[in-house]
Amino acid sequence: MNWQRALVAASVAVPVLVLLRIGLELDPRAIPSPLPGRPAPGFALATLEDDVGGAVGREGAGAPASGRAPDTVRLSTLRGDVVVLNFWASWCLACRDEHEPLSATARAYADESVRFFGVLYNDTPDNARRWIRAMGGQSYPTLLDPDARTAIEYGLYGVPETFFIARDGRVAYKHVGPVTEALLVERIETLLVAPQPPGGP
Amino acid sequence: MSGAGAAARKARAARSRRRRVVRLALLALTGLISAPAAAQDTPPDLEARTRLVASQLRCPVCQGLSIQDSPSELAQEMKQVVRAQLAAGRTPDEVKAYFVARYGEWILLEPEPRGFNLAVYLLPVLALLAGLAVVGVVVRRWTRSGDVAQA
Chain G
0 MNWQRALVAA SVAVPVLVLL RIGLELDPRA IPSPLPGRPA PGFALATLED DVGGAVGREG
60 AGAPASGRAP DTVRLSTLRG DVVVLNFWAS WCLACRDEHE PLSATARAYA DESVRFFGVL
120 YNDTPDNARR WIRAMGGQSY PTLLDPDART AIEYGLYGVP ETFFIARDGR VAYKHVGPVT
180 EALLVERIET LLVAPQPPGG P
Chain E
0 MSGAGAAARK ARAARSRRRR VVRLALLALT GLISAPAAAQ DTPPDLEART RLVASQLRCP
60 VCQGLSIQDS PSELAQEMKQ VVRAQLAAGR TPDEVKAYFV ARYGEWILLE PEPRGFNLAV
120 YLLPVLALLA GLAVVGVVVR RWTRSGDVAQ A
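The structure is reproduced here in structure tokens:
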């Protein structure tokens, strides 16, 4: 009688405990993104201009051969390049930690087919300009995303988030939280050795 | 021996009364379960439809609230997207699919009843039935031992 009761109790308790143990390991704030592997949502966004009328970061890796960043950046024209898309805001504390790694890595890859873009998230251009100046400049252009339409297209739920877009225009990786130089280099190198899309430059 | 006969009759009556109570409780509970599943019809005006869809989408910032209830900027912007898409003639299901394609099924406050998600809908019912079965067995055991004691 007693061992039967123990068996019944165990058959109920053990699965419940196993489920609770699994639940303990899960991060309730981690939202699985369905984007990696899918074509990156397209966008056409204006660049953040600095006070004297030039785009911020025009000397950086995001600038085209002419030396001046275009006023509107279209993702569709970047096919064949590896694109690093970093959503940020001046009110975001973690974005300060990744500013230096991002700017340094963008400079390091200035001569390769890698394009870095910041996308301003729920922030004003004035605040963004002030932040960039205080941080000692940004080596790539930042794009303006009014009403967060592009952020929603990318399934953004906070800043910073960084998307790595492969040469074939697909989202390869999504990184939540501040990036490090090691992570940027590893992701970019992986995507640079990947074959170019057919018909690409 | 009419005393023993009366006691047995009383016990039988009590047993059937208990059974009736259990049956009524079961009916009431199944009624409670099926009531919220009643079909929602789509209201005609845009604001009401926007509210309906927005209340079914989870806010990515606060997570516990729908974008209808959340005061966060992102939720407000997502609600604008919902309104714009509904105004453009998309159906509520198409709008929800748009967000699912970007945020995953996580964005739906109520998971779709299919696959593993079915557990969410079926387990409570199964647990309830199991509980009722246990109650039934225990009640029967009590009444039976009562019979024996009275007889």
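Protein sequences, first through last, are from chains G and E. Each residue of the first sequence is one higher than the one before, starting from 0 at the first, in numbering that gives the first Met the number 0. Each residue of the second sequence is one higher than the one before, starting from 0 at the first, in numbering that gives the first Met the number 0. Positions of the beta carbon are idealized from the N, C-alpha and C atoms, including for glycine.
The beta strand (DSSP E) enclosing GLU160(G), as first and last residue numbers: 160-164
Short CB-CB distance (under 8 angstroms) between TYR102(E) and chain G: yes
Three-state secondary structure (DSSP) of ASN121(G): coil
Distance between ALA86(E) and TYR172(G) (C-alpha atoms, nearest Å): 33 angstroms
Pair within 8 angstroms by beta-carbon distance, GLU180(G) and PHE86(G): no
Neighbouring residues, chain G, relative to PRO59(E) (Cβ below 7 angstroms): ILE30, TYR156
Residue-level contact to chain G via CB, VAL80(E), 8 angstroms cutoff: yes
Segment contact, 8 angstroms Cβ cut-off, at least three pairs: the segment 106-119 of chain G with the segment 72-82 of chain G: yes
Residue range of the beta strand (DSSP E) that includes THR71(G): 71-73
THR142(E) to GLN75(E) span [Cα, whole Å]: 60 angstroms
Residues, ordered as in the chain, of the segment 134-163 of chain G that lie near chain E by beta-carbon distance below 8 angstroms: ASP146, ALA147, ARG148, ALA150, ILE151, GLU152, TYR153, GLY154, LEU155, TYR156, GLY157
Selection from LEU183(G), PRO38(G), GLY41(G) that minimises the alpha carbon distance to TYR108(G): LEU183(G)
Range of the contiguous alpha helix (DSSP H) that encloses TYR156(G): Where TYR156(G) is concerned, there is no enclosing alpha helix (DSSP H), given that its DSSP letter is neither H nor E.
Cβ of TRP105(E) within 8 angstroms of any chain G Cβ: yes
Residue-chain proximity (LEU34(G), chain C), Cβ-Cβ < 8 angstroms: Checking the listed chains, one finds no chain C in this structure; the protein chains it contains are G and E.
Residues near PRO100(G) by beta carbon distance below 7 angstroms, same chain, minus five either side: VAL178, THR179, GLU180, LEU183
Length of the line joining the Cα atoms of ALA129(E) and PRO110(E): 24 angstroms
VAL83(G), DSSP secondary structure in three states: strand
Residues near TRP105(E) in its chain [Cβ-Cβ closer than 8 angstroms; skip 5 each side]: ARG57
Extent of the continuous alpha helix (DSSP H) run through THR104(G): 93-107
Partner residues on chain G for GLU72(E), Cβ-Cβ distance less than 7 angstroms: ASN121
Separation of LYS95(E) from ALA150(G), as counted between CA atoms: 17 angstroms
Secondary structure of ALA171(G), DSSP reduced to three states: strand
Buried or exposed by the 16-neighbour rule on C-beta atoms within 10 Å, applied to ILE21(G): exposed
Beta-carbon proximity of ARG166(G) to VAL81(G), cut-off 8 angstroms: yes
Validate contact between the segment 3-14 of chain G and the segment 65-74 of chain E using beta carbons, cut 8 angstroms, 3 pairs: no
Buried versus exposed call for SER144(E) [16 or more other C-beta atoms within 10 Å across all chains shown]: exposed
LEU190(G) - partner residues in DSSP beta bridges: The partner list for LEU190(G) (beta bridge, DSSP) is empty, contrary to what the question assumes.
Residue-chain proximity (GLU76(E), chain G), Cβ-Cβ < 8 angstroms: yes
Best match in LEU45(E), LEU131(E), PRO112(E) for proximity to VAL80(E) [C-alpha to C-alpha]: LEU45(E)
Neighbour-count burial assignment, VAL133(E), 16 or more Cβ in a 10 Å radius: exposed
DSSP bridge partner residues for ARG114(G) (one or two, in chain order): VAL82(G)
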